[in-house]
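Chemist:
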Amino acid sequence: MWLAFLALVLLLLAFDLGILHRRSRAIGVRESLALSAGYILVALAFGAWVWSSLGPEAGLNYLTGFFVEKSLAMDNVFVIAMILGYFAIPRQYHHLVLFWGILGVIVLRAIMIGLGAALIAEFHWVLYLFGAFLIVTGAKMLLFASHEKASLGGNPVLRLLQRRLRVTDRLHGERFFVRLPDPETGRPLLWATPLFLALVLIELADLVFAVDSVPAVFAITQDPFVVYTSNIFAILGLRALYFALAAMIHRFRYLKYALALVLLFIGNKIFLAELVGKIPPLVSLSVTLGLFAGGVLFSLWRTSRDNERTAPSSEHRGQPLRSQR
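In this note's numbering, the protein residues as written are -10 to 314.
(1) Might you give, ordered along the chain, the residues of its own chain that have their beta carbon closer than 7 Å to the beta carbon of F287, omitting 5 neighbours on each side?
(2) Would you tell me roughly how many angstroms separate the C-alpha atoms of R314 and A77, rounded to the nearest one?
(3) Jot down the residue ranges of each uninterrupted alpha helix (DSSP H) in the stretch 243 to 295, minimum 4 residues, whole runs only, in chain order.
(4) Reducing DSSP to helix, strand and coil, say where F67 ends up.
(5) Could you give the first and the last residue of the continuous alpha helix (DSSP H) run that contains L315?
(6) For a test of the three-state rule: what should DSSP assign to A181, helix, strand or coil?
(7) Out of V167, R176, A247, F55, which one is the CA nearest neighbour of I221?
(8) Closest by CA to A194, which one among F165, L147, T174?
(9) To the nearest angstrom, how far is the alpha carbon of P213 from that of G74?
(10) Helix, strand or coil for F112? Go by DSSP, reduced to three states.
(11) What would DSSP say about F76, mapped onto helix, strand or coil?
(12) Let me check understanding here. Comparing Cα to Cα, which of E58, M130, W40, P177 lies closest to R228?
(13) Would you grab the beta carbon distance between P270 and N50 for me? Rounded to a whole angstrom, and I think it's under 8 Å.
(14) Please list the terminal residues of the continuous alpha helix (DSSP H) segment that includes L154.
(15) Count the C-beta pairs between the stretch 29 to 44 and the stretch 248 to 266 that are closer than 8 Å, then say yes if the count reaches three, no if not.
(16) When burial is assigned at 16 or more other CB atoms within 10 Å of the CB, is W180 buried or exposed?
(17) How about V216 and I102: do their beta carbons lie closer than 8 Å?
(18) Label L(-10) either buried or exposed according to how many other C-beta atoms from any shown protein chain fall within 10 Å of its C-beta, with 16 as the threshold for buried.
(19) Could you tell me whether the Cβ atoms of M130 and A249 are closer together than 8 Å?
(20) Quick one: what's F(-6) bridged to in DSSP?
(21) Can you find the residues in the same chain that come closer than 7 Å, C-beta to C-beta, to F122, ignoring five residues on each side of it along the sequence?
(22) On the CB-based measure, 16 or more other CB atoms within 10 Å of its CB, does L169 come out buried or exposed?
(23) So is T174 buried or exposed if we call it buried at 16+ other beta carbons inside 10 Å?
(24) Pair every Cβ in the stretch 84 to 91 with every Cβ in the stretch 184 to 191, then say whether three or more of these pairs are closer than 8 Å.
(25) According to DSSP, is P204 helix, strand or coil?
(26) Given that a residue counts as buried once 16 or more other Cβ atoms are within 10 Å of its Cβ, and exposed if not, what is R132?
(27) Using the beta-carbon count (16 or more within 10 Å), is D5 buried or exposed?
(28) CB-CB under 8 Å to L1, same chain, minus the five flanking residues each way: which ones, in chain order?
(29) In this structure, does DSSP put P45 in helix, strand or coil?
(30) For A233, which residues in the same chain have their Cβ closer than 8 Å to its Cβ, ignoring the five residues on either side in sequence?
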């Protein structure tokens, strides 16, 4: 099953980059939604295979882990859009950066999930640490979501890279590194481009988000195969959905509150299992989907009302504004 999963992921990546996006170009919302739907269908088909091969409980745990990771990773999309916007990366290069970012995610998540599985197998109480961490993270997100102001200007990793690397002041197509003459000696040297800095920060952002999402899936199941496959399929599909989400980020302004409730539920689920018994996988899946769908619908409804309030009234619409002295 591991070999089949890895072969499927490699096939998807080869088809994505080698056939669909062989040339760098901007991806529209319609194509983004169609590609994301294709990834979701593949992920659900793989979940059906897990269900038939490992049993209904493993199948439900896979689906729950998939939707938990999918919902939590949506917050990562907003950070990725901010990073690409900060470096003024043209839209036709976004897919290239995200593709190489996926390869890094596959390796980083494998390391983190492997370490997490080994720790839980050796020290079961680590699972309760994961639960407490999720509760604290969810509470902080719920209380301070409206006060967060993301900024890259003072990012220590970015400043370190700019000090340690020779970085060009402009892009050089889709290249991460270029050879340019030294301004003083004229000798050709290797320079990093802003595209490489964007890739490093995106990988770092995913590492930060994995600190939340990996314990959340371990709180659902401790099967490394289910944890890893649900993580990777959710991320593969979300990167495809990025281009549609990035175009309507402002419509998901209140989604963070739903994500906080998901973390609180998953974290408390570990401790409730000791008090009232193990929560059925179907209940976990239903609660997760309900919170996520509720967050999406509430965000769309609330931002629509906010836009109506800020729009000019009908009596002034179409009339020139009077100058004020």
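The beta carbon of each residue, even a glycine, is placed where N, CA and C say it ideally should be.
Quick caveat, the model's predicted, so the values are computed rather than measured.
Modeler: The answer reads as follows:
(1) Same-chain partners within the cutoff: Y243.
(2) Because R314 sits at a pLDDT of 35, beneath the cut-off of 50, its placement in the model cannot be relied upon, and the point is left open.
(3) 244 to 265
(4) helix
(5) There is simply no residue 315 to check, as the chain begins at -10 and stops at 314 in what is shown.
(6) Assigned with DSSP and collapsed to three states, A181 falls in strand.
(7) F55
(8) L147
(9) 35 Å
(10) coil
(11) coil
(12) E58
(13) That belief holds up - the Cβ atoms of P270 and N50 are roughly 5 Å apart, short of 8 Å.
(14) Taken as a continuous stretch (DSSP letters only), L154 belongs to no alpha helix (DSSP H), as it is neither H nor E.
(15) no
(16) Buried is the call here.
(17) yes
(18) This sequence places Met at residue -10; Leu is not what is there. Label assigned to M(-10): exposed.
(19) yes
(20) In the DSSP output, where bridge partners are listed per residue, F(-6) has none listed.
(21) P204
(22) exposed
(23) exposed
(24) With a cut-off of 8 Å on Cβ pairs, the stretch 84 to 91 is in contact with the stretch 184 to 191, counting three or more such pairs.
(25) helix
(26) It is worth fixing the name first, because residue 132 is Leu in this sequence and not Arg. So L132 counts as exposed.
(27) Buried is the call here.
(28) Y28, V31, L225
(29) The answer is helix: DSSP assigns P45 an H, G or I state.
(30) Once the five neighbours on either side are set aside, the close Cβ partners of A233 are V18, S21, L22, S25.
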